[in-house]
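J.:
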Ligand SMILES: Cc1cc2nc3c(=O)[nH]c(=O)nc-3n(C[C@H](O)[C@H](O)[C@H](O)COP(=O)(O)O)c2cc1C
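Residue numbers (the numbering used here): 10 to 210.
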């Protein structure tokens with residue numbers, strides 16, 4: 010797809026078919042994601058990819074059976090892949106302690122950073138992945154893991170210093186979509202809405 014069309018037509022998918030997505034496809038998407046920019050080329054992020062029964066476990070821990078009846082997007086649970094992107098602050102502290110970056114003072118600790126570039130870089134990578142998936146005709150939903158993070162971390166052996174950014178459901182969109190997202194009716198801002206040329210006023 011032409012780039013402009015990819016960007017203009019991308020949207021979150023909340024209803025998936027059960028059709029599998031191959032590991033090769035996941036790797037192709039991650040191969041795009043690693044092209045994303047990162048501060049000092051630190052690339053301090055990684056993704057826990059869940060397939061098959063691991064996806065079931067993810068949902069059992071984050072959306073227990075008893076809450077599913079009221080859940081608005083039951084076919085979100087059909088997505089064959091869940092990806093959990095993690096940011097690693099320590100990678101940035103270590104990178105900025107290297108000789109070419111010591112002058113920044115950011116190699117002292119994560120607290121020295123006015124902006125957490127680790128979450129920014131992880132987000133850039135995830136956005137690249139979302140666009141790449143859309144270009145392949147796949148659907149994605151980036152969503153918050155509001156419940157069960159502790160158990161998910163324990164179950165999948167995630168080290169303590171990895172910061173969970175959210176979750177990405179990946180799969181083939183189902184032909185019929187469940188309800189739209191709660192924010193869908195909000196107006197998309199225009200270029201003029203977001204631009205402040207020369208001064209804020
Ligand atoms: C940081 C972030 C968190 C989000 N969390 C959720 C979520 O928990 N559940 C959900 O259904 N959508 C979630 N979304 C999707 C947004 O609702 C969606 O991107 C927005 O309404 C614009 O729609 P579009 O992406 O389809 O254009 C999230 C998006 C972002 C960027």
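Where a beta carbon is used, it is the ideal one built from N, C-alpha and C, also for glycine.
Does the separation of the CB atoms of residue 91 and residue 176 fall below 8 Å?
T.: yes
J.: Below 7 Å, is the gap between the Cβ of residue 150 and the nearest heavy atom of ligand 1?
T.: yes
J.: Can you tell which of 65, 38, 27, 72 has the C-alpha that lies nearest to the C-alpha of residue 156?
T.: 72
J.: Can you tell me whether residue 43 is buried or exposed, with buried defined as 16 or more other CB within 10 angstroms of its CB?
T.: exposed
J.: Classify residue 35 as buried or exposed, calling it buried when 16 or more other Cβ atoms lie within 10 Å of its own Cβ.
T.: buried
J.: In the DSSP output, which residue or residues are listed as bridge partners for residue 214?
T.: Examination of residue 214 is not possible in this model, given that the chain is present from 10 through 210 alone.
J.: I need the boundaries of the beta strand (DSSP E) containing residue 141, first residue and last residue.
T.: It is not in any beta strand (DSSP E) - residue 141 instead sits in the alpha helix (DSSP H) that spans 126-144.
J.: Check whether the Cβ atoms of residue 150 and residue 21 lie closer than 8 Å to each other.
T.: yes
J.: Three or more beta-carbon pairs under 8 Å between the region 181-190 and the region 62-82, yes or no?
T.: yes
J.: State yes or no: is the C-beta of residue 84 nearer than 7 Å to some heavy atom of ligand 1?
T.: no
J.: Near residue 15, what residues of its chain come up, given a Cβ to Cβ distance below 7 Å and the 5 sequence neighbours on each side ignored?
T.: 140, 143, 144
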